[in-house]
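I have placed the structure first, in the form of structure tokens, so that the comments after it can refer back to it.
Number of protein chains: 2
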Amino acid sequence: MAARKRASSISISNKPDPSEPNSAPSEQKMTRKTVSASGEEFRLAPPKLGVIFVISTLLCSLYLYLLCFHYKVDNELKRSILINAGLSLVGFFVTLKMIPVTARYVLRRNMFGFDINKRGTPQGDIKVPESLGIVVGIVFLIVAIIFQYFNFTEDSNWLVEYNAALASICFMILLGFVDDVLDVPWRVKLVLPSFATLPLLMAYAGHTTIVIPKPLVAYIGLEVLNLGRIYKLYMGLLAVFCTNSINIHAGLNGLEIGQTVVIAAAILIHNVMQIGASVDPEYHQAHAFSIFLTQPLMATSLAMLAYNWYPSSVFVGDTYTVFAGMTMAVVGILGHFSETLLIFFLPQLAGIVKCPRHRLPRYDPATGLLTGTKDGTLVNVYLRLFGPKSEKSLCIHLLVFQALACAFCFILRHFLAGWYK
Amino acid sequence: MAARKRASSISISNKPDPSEPNSAPSEQKMTRKTVSASGEEFRLAPPKLGVIFVISTLLCSLYLYLLCFHYKVDNELKRSILINAGLSLVGFFVTLKMIPVTARYVLRRNMFGFDINKRGTPQGDIKVPESLGIVVGIVFLIVAIIFQYFNFTEDSNWLVEYNAALASICFMILLGFVDDVLDVPWRVKLVLPSFATLPLLMAYAGHTTIVIPKPLVAYIGLEVLNLGRIYKLYMGLLAVFCTNSINIHAGLNGLEIGQTVVIAAAILIHNVMQIGASVDPEYHQAHAFSIFLTQPLMATSLAMLAYNWYPSSVFVGDTYTVFAGMTMAVVGILGHFSETLLIFFLPQLAGIVKCPRHRLPRYDPATGLLTGTKDGTLVNVYLRLFGPKSEKSLCIHLLVFQALACAFCFILRHFLAGWYK
Chain L
1 MAARKRASSI
11 SISNKPDPSE
21 PNSAPSEQKM
31 TRKTVSASGE
41 EFRLAPPKLG
51 VIFVISTLLC
61 SLYLYLLCFH
71 YKVDNELKRS
81 ILINAGLSLV
91 GFFVTLKMIP
101 VTARYVLRRN
111 MFGFDINKRG
121 TPQGDIKVPE
131 SLGIVVGIVF
141 LIVAIIFQYF
151 NFTEDSNWLV
161 EYNAALASIC
171 FMILLGFVDD
181 VLDVPWRVKL
191 VLPSFATLPL
201 LMAYAGHTTI
211 VIPKPLVAYI
221 GLEVLNLGRI
231 YKLYMGLLAV
241 FCTNSINIHA
251 GLNGLEIGQT
261 VVIAAAILIH
271 NVMQIGASVD
281 PEYHQAHAFS
291 IFLTQPLMAT
301 SLAMLAYNWY
311 PSSVFVGDTY
321 TVFAGMTMAV
331 VGILGHFSET
341 LLIFFLPQLA
351 GIVKCPRHRL
361 PRYDPATGLL
371 TGTKDGTLVN
381 VYLRLFGPKS
391 EKSLCIHLLV
401 FQALACAFCF
411 ILRHFLAGWY
421 K
Chain Z
1 MAARKRASSI
11 SISNKPDPSE
21 PNSAPSEQKM
31 TRKTVSASGE
41 EFRLAPPKLG
51 VIFVISTLLC
61 SLYLYLLCFH
71 YKVDNELKRS
81 ILINAGLSLV
91 GFFVTLKMIP
101 VTARYVLRRN
111 MFGFDINKRG
121 TPQGDIKVPE
131 SLGIVVGIVF
141 LIVAIIFQYF
151 NFTEDSNWLV
161 EYNAALASIC
171 FMILLGFVDD
181 VLDVPWRVKL
191 VLPSFATLPL
201 LMAYAGHTTI
211 VIPKPLVAYI
221 GLEVLNLGRI
231 YKLYMGLLAV
241 FCTNSINIHA
251 GLNGLEIGQT
261 VVIAAAILIH
271 NVMQIGASVD
281 PEYHQAHAFS
291 IFLTQPLMAT
301 SLAMLAYNWY
311 PSSVFVGDTY
321 TVFAGMTMAV
331 VGILGHFSET
341 LLIFFLPQLA
351 GIVKCPRHRL
361 PRYDPATGLL
371 TGTKDGTLVN
381 VYLRLFGPKS
391 EKSLCIHLLV
401 FQALACAFCF
411 ILRHFLAGWY
421 K
């Protein structure tokens with residue numbers, strides 16, 4: 001949810017009064033000049049490429065090692081994955097290039113926010129361009145669309161699901177951007193993802209069964225339970241949860257994108273482990289499908305993180321949070337690993353259960369530290385447990401926590417495999 | 001293209017200066033009050049339902065007569081078409097209800113324009129909410145998505161194309177809305193549709209051949225020519241053309257939507273005639289597919305026309321024009337009647353060839369009439385040929401002209417059938 005004071009609707013009263021038509025032309029002329037002047041003056045701080053280099057090395061090296069050296073991945077599949085990685089890299093540079101341009105356009109339309117966690121300091125009075133997630137979303141879509149030409153033929157079975165995924169993600173970006181521009185009421189916002197998932201659920205042709213954990217088989221009397229339509233309902237709810245959870249676990253510079261890239265790295269590692277451990281080509285395809293959408297998400301997100309890392313020179317907007325949440329939900333559903341995905345989202349799940357709304361910690365301009373308030377969001381609970389922190393170090397702590405949760409998920413899977421399922 | 005003076009970027013210079021942080025809170029409070037007051041005061045003129053009743057009777061009666069009485073349409077197909085019509089009707093009422101609500105949100109974000117063709121009169125100073133096409137687009141998508149549940153099964157062959165169509169249309173709506181909000185440069189705008197058509201072209205599994213007209217067979221030596229990838233390029237260009245043509249043949253109250261509903265009615269009649277004249281189920285499906293997307297387009301567009309008819313109380317924005325153009329291109333491509341579609345677009349084609357940019361006629365506040373300028377757009381040429389007209393009567397003239405062009409297309413097809421192909 002919008003983690004900063006929205007300044008967009010401030011200006012309406014200062015408009016030239018329509019009852020004085022004579023004064024309008026001169027006033028408008030003057031304004032135009034000011035606009036173009038401020039447009040030229042505006043310079044975004046350079047992208048923090050050093051930080052991005054460190055983060056992407058930390059996150060991607062294990063994945064790339066597993067993909068290229070550890071597992072023997074089928075050559076054709078590896079080729080597709082590497083083409084996708086190449087396109088994603090192009091997407092990274094395009095995003096990096098497009099953000100400063102778009103930031104000027106966004107500012108011209110008065111879409112900016114003030115950073116609340118710096119309120120009372122000079123930095124808190126800078127207009128930060130808002131909703132730059134739209135760049136990431138559009139570049140992601142274009143990469144994903146172009147990739148089709150390299151991997152699918154017209155009669156490919158996967159094309160249904162791929163197009164449904166694109167339709168869902170695109171619809172979610174559209175709704176997110178509409179929300180950013182028009183400030184949709186909170187209740188409407190919460191249900192919008194359920195519309196956006198419909199194309200996906202319709203196209204989902206995978207299993208609708210759950211494997212009963214072995215210790216429970218004796219009680220239930222079944223090894224596999226076919227849930228049918230209820231399974232689809234579960235998937236729809238999963239999408240609503242993922243989309244809203246990133247939106248709610250937000251409000252610190254870099255946290256929205258940070259948690260996305262951490263989870264995306266975990267998804268990539270999970271996928272390549274599953275591909276390496278299995279010989280079933282159908283299973284390979286499901287996880288490759290997931291990789292094909294996660295790599296561009298990761299690359300374009302990292303490009304924006306270069307501008308959004310503390311101190312943020314752009315904000316991501318709801319456009320980004322719903323887009324990232326939806327893409328990960330889609331990937332989990334079509335890759336058939338939604339239960340694993342849920343464990344990757346454990347920190348967010350804990351946050352939503354305790355406080356299903358967005359609440360910020362309190363900022364003290366004198367010390368520059370954030371203190372937890374009584375609200376039950378993860379950010380506040382963490383601050384109460386571990387004491388006041390600066391925004392940057394809090395963000396890093398929370399991202400490490402996210403990474404630990406993902407590591408816990410892998411350990412859990414390792415120990416439960418065989419016994420549980 | 002924006003057919004009115006964009007007032008959106010006027011206000012940026014009147015913002016509270018960030019260098020005076022102390023003055024900001026009080027100023028903001030005052031502004032908030034003004035905003036909410038103006039938000040409550042704002043009332044949209046009631047929808048012109050009488051006009052819509054007349055227009056929809058004129059346009060739909062022939063189609064409904066052909067569908068229900070004239071041709072013997074397979075019962076199951078007719079059932080699907082009627083379910084789609086029912087959903088479209090629901091879409092009509094939802095759009096009618098949503099436009100006034102959204103208009104308030106849009107105004108709050110300073111997305112409005114002044115009506116240039118009324119400049120100098122009191123009506124020219126009213127702030128008219130802009131970009132309401134987003135409502136039509138979103139309602140259309142939701143209707144189209146929900147309809148999947150009634151018509152397709154998970155293994156339906158049509159689902160690939162249907163999802164690709166949804167992805168393309170949705171991406172186009174997103175780009176149109178981004179353009180409305182951020183004012184994308186003209187050159188970028190022209191090529192955006194080519195990205196949006198990519199999912200569609202990828203999923204297109206139909207023929208890529210053209211039938212050589214009989215008189216030319218002797219010269220070319222072929223009856224059927226397979227164009228392969230060139231045919232796909234042609235389809236991509238068709239989408240770019242349709243999308244831009246509606247956008248360029250615009251600028252009068254009601255003209256954008258008016259031409260869309262006239263062409264949509266022609267598409268519906270063409271489809272039902274083709275279904276009635278053939279016994280090939282595959283051919284039926286192609287045209288039914290086209291009906292399934294055209295009916296919701298027609299219904300939601302008519303709902304907005306009730307507000308956009310002269311004098312407009314809302315403007316449609318580029319969101320609408322690119323959405324409508326793209327939907328019709330998609331329908332023509334997947335229904336396999338792109339050549340016929342091009343003839344429906346004859347007036348637009350003439351306009352684009354003469355002047356591929358948007359140019360408005362000159363308005364004379366004294367007489368209330370529009371006079372053609374030297375620019376070669378269809379609107380100006382028409383005014384030069386037939387003398388000055390009021391905005392409303394010019395719009396009606398142009399719509400009748402559009403209807404005549406569509407009728408001409410039917411006559412042409414009738415006489416050429418057999419001889420030409």
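If you read the sequences in order, they're chains L and Z. Take the first sequence: its position 354, counted from the start at 1, is 354 in full-length UniProt numbering, and no numbers get skipped. Take the second sequence: its position 310, counted from the start at 1, is 310 in full-length UniProt numbering, and no numbers get skipped. For glycine and all other residues, C-beta sits at the position ideal for the given N, C-alpha and C. Since the structure is predicted, the reported quantities are computational estimates derived from the model, not experimental observations.
Roughly how many angstroms separate the alpha carbons of residue i and residue j, rounded to a whole number?
i, j, result
"Pro47(Z)", "Ser312(Z)", "10 Å"
"Arg119(Z)", "Asp318(Z)", "21 Å"
"residue 425(L)", "Phe292(L)", "The structure shown does not extend to residue 425(L), since chain L is modelled only from 1 to 421, so the question has no answer here."
"Met98(Z)", "Val184(L)", "13 Å"
"Ala7(Z)", "Ile126(Z)", "Any reading at Ala7(Z) needs caution, since the residue's pLDDT is 44, under 50, leaving its predicted position unreliable; the model's value is listed next. The alpha-carbon atoms of Ala7(Z) and Ile126(Z) are separated by roughly 11 Å."
"Leu398(Z)", "Thr294(Z)", "22 Å"
"Gly86(Z)", "Phe150(Z)", "12 Å"
"residue 477(L)", "Ala405(L)", "The requested residue 477(L) is not part of the displayed model; chain L covers only 1 to 421."
"Phe69(L)", "Ile52(L)", "24 Å"
"Asn157(Z)", "Asn308(Z)", "38 Å"
"Thr57(Z)", "Phe177(Z)", "31 Å"
"Gly387(L)", "Pro361(L)", "12 Å"
"Pro215(L)", "Leu416(L)", "11 Å"
"Ala264(Z)", "Val90(Z)", "18 Å"
"Phe93(L)", "Ala203(Z)", "28 Å"
"Ser278(Z)", "His414(Z)", "15 Å"
"Leu367(Z)", "Lys389(Z)", "In the sequence as presented, Leu is not what sits at residue 367(Z); that position holds Thr. Going by the C-alpha atoms only, they are around 10 Å apart."
"Ile145(Z)", "Glu161(L)", "14 Å"
Mark residue i as exposed unless 16 or more other C-beta atoms lie within 10 angstroms of its C-beta, in which case mark it buried.
i, result
"Lys189(Z)", "buried"
"Asn75(L)", "exposed"
"Val224(Z)", "exposed"
"Asp115(L)", "buried"
"Leu297(L)", "buried"
"Asp180(Z)", "buried"
"Asn22(L)", "Because the pLDDT at Asn22(L) is just 35, under 50, the model does not fix this residue reliably, and the point stays unresolved."
"Glu256(L)", "buried"
"His207(Z)", "exposed"
To which residues does DSSP link residue i through a beta bridge?
i, result
"Asn226(L)", "Thr209(L)"
"Arg362(L)", "Thr371(L)"
"Lys389(Z)", "Leu370(Z)"
Leaving out five residues on either side along the sequence, give the residues of the same chain with a beta carbon under 6 Å from the beta carbon of residue i.
i, result
"Gln348(L)", "Ser245, His249"
"Thr260(Z)", "Ser301, Ala324"
"Asn380(L)", "Pro361, Gly372, Thr373"
"Arg359(L)", "Asp375, Thr377"
"Gly332(L)", "Ser338, Leu341"
Output needed for residue i: all residues of its chain with C-beta closer than 8 Å, excluding positions within five of it in sequence on either side, in chain order.
i, result
"Ala412(Z)", "Here residue 412(Z) is Leu; the residue named in the question, Ala, does not match the sequence. Excluding sequence neighbours, Leu412(Z) sits near Ile343."
"residue 428(L)", "Past the edges of chain L, shown from 1 to 421, lies residue 428(L), and the structure says nothing about it."
"Phe42(Z)", "Ala103, Arg104, Leu107"
"Val73(L)", "Leu67, Ile81, Val272, Ile275, Gly276"
"Ser88(Z)", "Val143, Gln295, Pro296, Met298, Ala299, Thr300"
"Leu49(L)", "Ala306"
"Asn253(L)", "Asp115, Asn117, Asn308, Trp309, Tyr310, Pro311, Ser312, Glu391, Lys392, Cys395"
Keeping to the same chain, check which residues put their C-beta closer than 7 Å to that of residue i; ignore five residues upstream and five downstream.
i, result
"Phe401(Z)", "Pro347"
"Val330(Z)", "Ala165, Ser168, Ile169, Leu200, Leu293"
"Leu222(L)", "Ile212"
"Leu378(L)", "His249, Pro347, Ala350, Gly351"
"Ile269(L)", "Leu62, Tyr63, Leu66"
For the region 293-304 of chain L against the region 133-146 of chain L, are there 3 or more C-beta pairs whose distance is under 8 Å? Output reads yes: the region 133-146 of chain L touches the region 293-304 of chain L.
Tell me, please, whether the region 186-200 of chain Z touches the region 318-331 of chain Z by the rule of three or more beta-carbon pairs shorter than 8 Å. Under the Cβ criterion (8 Å, minimum of three pairs), the region 186-200 of chain Z counts as touching the region 318-331 of chain Z.
When you compare the region 326-341 of chain L with the region 228-246 of chain L, are there three or more beta-carbon pairs, one atom per stretch, that lie closer than 8 Å? Segments in contact, yes.
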